[in-house]
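For the sequence shown, the UniProt record's numbering gives the first residue as 1, with consecutive numbering after it. Think of the CB as a built atom: it goes at the ideal place given N, C-alpha and C, for glycine as much as any other residue. Keep in mind the model is a prediction, meaning the values are calculated, not measured. These notes concern the structure reproduced below.
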Amino acid sequence: MALKGTLADIGIIDLVQFPHAGRKTGELVVSADGQEGRLSYDKGSLVHASTENYEGLDALVLVVGWTQGTFEFLSDVAPTRKTIDMDLHRAVMQALKLHDEQKEEEQRRKLERSQAVREEDGILSSKLEEFVSSVDFVVRSSVISPDGSLRAAADGVVGPPEGIEKLEVELHNLLQSYPRGKLNRAILVDEHGTVVLIGLQEGDALIVAANKEASLGSVSIAVGRLAATLG
């Protein structure tokens, strides 16, 4: 008879080790986060572990990190492979150690990426501020990331134009949903002036708003030069 339950009933570490006490032979099937892990035991010894992409100790490293899911122990299912050559306790301790090291490495890389993004955004802000201060007809310049968040922005001396944030959202959505492939540039002219949208590399959107006194040609040239410096 199969033993079933959830990881809320028993922690993953206790679950992985429970066949050892009764010297059980069988297969422990654990399902979590759309993944499945299979651990095979021979008289209480863990001899094989597998997931969709890993096997052996690498698979066990993944499984010991699961905190939510379900499990089923299939009694008397004889192992067909041997990919773990150490005793159960040592294998679990080694898997936990490697799992913690992987988490630390992921956190380190995440921190490095965050720092790199902050540095890039700082440089981006400086370029936008320099552009706005050097072109008197520009009232706002901003860069929106593909996920819709504001990476950097610079406003003219009178501050941000009324309704500019809503306009930036709409233009970002236009860039992301444009039905004819990649949108390179769009120019809008209304009663308040000219707004230029340019698709940058990596999916960012450059949006520049100019006052109504500026000519279309002057705005287009200035924004084109800025876009060239941003890539």
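Look up residue i in the DSSP assignment and give the residues it is bridged to.
{"i": "residue 48", "result": "40"}
So, helix, strand or coil for residue i, using DSSP?
{"i": "residue 232", "result": "Only positions 1 to 231 of the chain appear in the structure, and residue 232 is not among them; the question remains open."}
{"i": "residue 194", "result": "strand"}
{"i": "residue 200", "result": "coil"}
{"i": "residue 185", "result": "strand"}
{"i": "residue 154", "result": "strand"}
{"i": "residue 214", "result": "coil"}
{"i": "residue 223", "result": "helix"}
{"i": "residue 180", "result": "coil"}
{"i": "residue 169", "result": "helix"}
{"i": "residue 145", "result": "coil"}
{"i": "residue 208", "result": "strand"}
{"i": "residue 139", "result": "strand"}
{"i": "residue 159", "result": "coil"}
{"i": "residue 231", "result": "coil"}
Hey, is residue i's beta-carbon within less than 9 Å of any beta-carbon in chain C?
{"i": "residue 35", "result": "Structure shown: chain C not included; a single protein chain is present."}
Would residue i and residue j be called neighbours here (beta carbons separated by less than 9 Å)?
{"i": "residue 102", "j": "residue 7", "result": "no"}
{"i": "residue 295", "j": "residue 195", "result": "An answer regarding residue 295 cannot be provided, because it is not within the stretch 1 to 231 covered by the chain."}
{"i": "residue 61", "j": "residue 99", "result": "yes"}
{"i": "residue 191", "j": "residue 212", "result": "yes"}
{"i": "residue 138", "j": "residue 156", "result": "yes"}
{"i": "residue 148", "j": "residue 184", "result": "no"}
{"i": "residue 19", "j": "residue 48", "result": "no"}
{"i": "residue 224", "j": "residue 201", "result": "no"}
{"i": "residue 141", "j": "residue 15", "result": "no"}
{"i": "residue 29", "j": "residue 22", "result": "no"}
{"i": "residue 237", "j": "residue 92", "result": "Only positions 1 to 231 of the chain appear in this structure, which leaves residue 237 out of reach."}
{"i": "residue 24", "j": "residue 44", "result": "yes"}
{"i": "residue 131", "j": "residue 154", "result": "yes"}
{"i": "residue 203", "j": "residue 175", "result": "yes"}
{"i": "residue 144", "j": "residue 171", "result": "yes"}
{"i": "residue 73", "j": "residue 34", "result": "no"}
{"i": "residue 5", "j": "residue 70", "result": "yes"}
Say the cut is 8 Å; is the CB of residue i nearer than that to a heavy atom of the ligand ZN?
{"i": "residue 37", "result": "Of the ligands one can find in the structure shown there are none, so the ligand ZN has no counterpart to examine."}
Next on the checklist: For the pair the stretch 106-120 and the stretch 79-91, tell me if three or more CB-CB distances fall below 8 Å.
Outcome noted: Segments in contact, no.
Next on the checklist: Give the list of continuous alpha helix (DSSP H) stretches no shorter than 4 residues that lie fully inside the UniProt domain "PatA-like N-terminal" (4-103).
Outcome noted: Counting only runs of 4 or more, we get 12-21 and 57-63.
Checklist entry - Between the stretch 104-118 and the stretch 208-227, do three or more beta carbon pairs fall short of 8 Å? => result Contact between the stretch 104-118 and the stretch 208-227 is absent, because fewer than three Cβ pairs lie under 8 Å.
Checklist entry - Pairing CB atoms from the stretch 43-60 with CB atoms from the stretch 105-114, are three or more of them under 8 Å? => result No, the stretch 43-60 is not in contact with the stretch 105-114.
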